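Note that the sequence shown covers residues 30 to 321 in my numbering.
Glycine included, every Cβ here is placed at the ideal spot set by N, Cα and C.
Please read all numbers here as calculations on a predicted model, not as lab measurements.
Inspection log for the structure reproduced underneath, given as structure tokens.
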Amino acid sequence: MGLKARPESTPARKSRLLAPPGVTSPRHRRYCNSVTFENVADNLRESFRIIAASRDAGEVRELQGVSIAAAGVTFQMFNAAFLAAPVATEAELAQRILLPGLHFNARGLEWAYWVCEDWMQPKARRHSRQIFERHGLRHSVDLPGMVAEGIRAPVKPLPRLEVRRVGDNGTREAFCSIGSVCFHVPIAWFREVFDSSAIWETFASYVGYLDGEPVCTAAIVVGGGALGVYNVGTLPSFQRRGYGECVMRHALADARARHGIERTILQSTPAGLRLYERMGYRTVSRVAVYSS
30 MGLKARPEST PARKSRLLAP PGVTSPRHRR YCNSVTFENV ADNLRESFRI
80 IAASRDAGEV RELQGVSIAA AGVTFQMFNA AFLAAPVATE AELAQRILLP
130 GLHFNARGLE WAYWVCEDWM QPKARRHSRQ IFERHGLRHS VDLPGMVAEG
180 IRAPVKPLPR LEVRRVGDNG TREAFCSIGS VCFHVPIAWF REVFDSSAIW
230 ETFASYVGYL DGEPVCTAAI VVGGGALGVY NVGTLPSFQR RGYGECVMRH
280 ALADARARHG IERTILQSTP AGLRLYERMG YRTVSRVAVY SS
């Protein structure tokens, strides 16, 4: 799923962790210094690379200061570009938009730019939205980039769910169907993104079942020294009952057992922000999404 920008004197490599107003405890400052926005940026980019690399039509490329992970699909959010190095000026930002624009236009693909804003120094960030819009990319959403060094215990007992890792045709179809509903895209688009059987080995995905009915999903990607949490969704008629938290906790526990990594990251929607804060996540950056 307010956010503060990094102070102008802070180097581009570090990001601020948002604290409650007026709170600047030594413990909080030490935690800020241990987390860079690059954990969020690197894991996010890796999640798209996994999807792109799994498809015959996919491409993973590095341009000058820009990474491309294009699945070659109808759903433009998965034909993605990312900043891969600091941006100092507005002219430099414009160049970083032109490069992937040429790439995607040559292939006739709609696309999206996922921008971890801490890559941009204040001069470049100040008018960044207008610069993207001048190059034909409209602002879609701002997502808090969040990190947790460990997950807090639930504040109340979680519901009972059967959680299955995606692998066979039934779990794949359930994962895509729930994603289609929760993220408001046609089911055909979701199936196209996840049409390769190879993807499920590294895009570790899970479906929660209530009395045999699939009701929620979560996925985990390893990258950037962290476990990235993606595709957390619950069907509307089953929301606000703890099912999303339940499948997410199961997915994280499984990933920790497999990889031995405690730090986790995610990009929150507004609906999930308070839940993630209760679980121990704190905002360290902001991801702005622009689409053609």
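{"Check": "Tell me whether the beta-carbon of glycine 257 lies closer than 8 Å to the beta-carbon of threonine 246.", "Outcome": "no"}
{"Check": "Would you say proline 173 and threonine 312 are within 8 Å of each other, going by their C-beta atoms?", "Outcome": "yes"}
{"Check": "Is the distance from the Cβ of asparagine 134 to the Cβ of glycine 254 below 8 Å?", "Outcome": "no"}
{"Check": "Quick check on the burial criterion: 16 or more other C-beta atoms within 10 angstroms. Buried or exposed for alanine 282?", "Outcome": "exposed"}
{"Check": "Count the CB pairs spanning the stretch 287-303 and the stretch 117-134 that are closer than 8 Å, and state whether there are at least three.", "Outcome": "no"}
{"Check": "Would you please verify whether the beta carbon of alanine 100 is less than 8 Å from any beta carbon of chain B?", "Outcome": "Here chain B cannot be found, since the structure has a single protein chain."}
{"Check": "Measure the Cβ-Cβ separation of phenylalanine 267 and leucine 239 and say whether it is below 8 Å.", "Outcome": "yes"}
{"Check": "Let me know the beta strand (DSSP E) ranges lying completely inside the stretch 228-268, each 3 residues or longer, listed in chain order.", "Outcome": "233-239, 242-252, 255-263"}
{"Check": "Give the secondary structure of isoleucine 294 by DSSP, where H, G and I count as helix, E and B as strand, and everything else as coil.", "Outcome": "strand"}
{"Check": "Might you give, ordered along the chain, the residues of its own chain that have their beta carbon closer than 7 Å to the beta carbon of methionine 277, omitting 5 neighbours on each side?", "Outcome": "Ala247, Val258, Val261"}
{"Check": "Over the uninterrupted alpha helix (DSSP H) stretch that includes tyrosine 305, give me the two end residues.", "Outcome": "302-308"}
{"Check": "Are the CB atoms of isoleucine 180 and glycine 309 nearer to each other than 8 Å?", "Outcome": "yes"}
{"Check": "Measure the C-alpha to C-alpha separation of alanine 113 and cysteine 205 and round it to an integer number of angstroms.", "Outcome": "30 Å"}
{"Check": "Among His132, Arg125, His168, Ala82, whose alpha-carbon lies nearest the alpha-carbon of tryptophan 148?", "Outcome": "Arg125"}
{"Check": "If you pair each beta-carbon of the stretch 91-102 with each one of the stretch 217-236, do three or more pairs fall below 8 Å?", "Outcome": "yes"}
{"Check": "What span of residues does the beta strand (DSSP E) with tryptophan 143 cover, start to end?", "Outcome": "141-145"}
{"Check": "Alanine 317: buried (16+ other C-beta within 10 angstroms of its C-beta) or exposed?", "Outcome": "buried"}
{"Check": "Tell me the start and end of each unbroken alpha helix (DSSP H) in the stretch 150-226 that is at least 4 residues and wholly inside, in chain order.", "Outcome": "151-154, 157-163, 198-211, 216-222"}
{"Check": "Locate the alpha helix (DSSP H) running through arginine 311, then write down its first and last residues.", "Outcome": "It is not in any alpha helix (DSSP H) - arginine 311 instead sits in the beta strand (DSSP E) that spans 311-320."}
{"Check": "Using the C-alpha atoms, what's the distance from glutamate 306 back to arginine 59?", "Outcome": "Here arginine 59 scores only 48 on pLDDT, less than 50, and its place in the model should not be relied on; the value that follows carries that caveat. Answer to the nearest angstrom: the Cα atoms are 18 Å apart."}
{"Check": "Between which two residues does the beta strand (DSSP E) containing valine 95 stretch?", "Outcome": "95-99"}
{"Check": "In three-state terms, what does DSSP make of leucine 138?", "Outcome": "coil"}
{"Check": "Which one or two residues does DSSP pair with glutamate 337 in a beta bridge?", "Outcome": "The structure shown does not extend to residue 337, since the chain is modelled only from 30 to 321, so the question has no answer here."}
{"Check": "Quick check on valine 102: does DSSP put it in helix, strand or coil?", "Outcome": "coil"}
{"Check": "So what does DSSP say about alanine 114, is it helix, strand or coil?", "Outcome": "coil"}
{"Check": "Helix, strand or coil for alanine 86 per DSSP?", "Outcome": "coil"}
{"Check": "Which residue's Cα is closest to the Cα of valine 192: Arg74, Arg315, Tyr272, Ala70?", "Outcome": "Tyr272"}
{"Check": "Tell me which same chain residues have a C-beta within less than 7 Å of the C-beta of alanine 203, skipping the five on either side of it?", "Outcome": "Val236, Pro243"}
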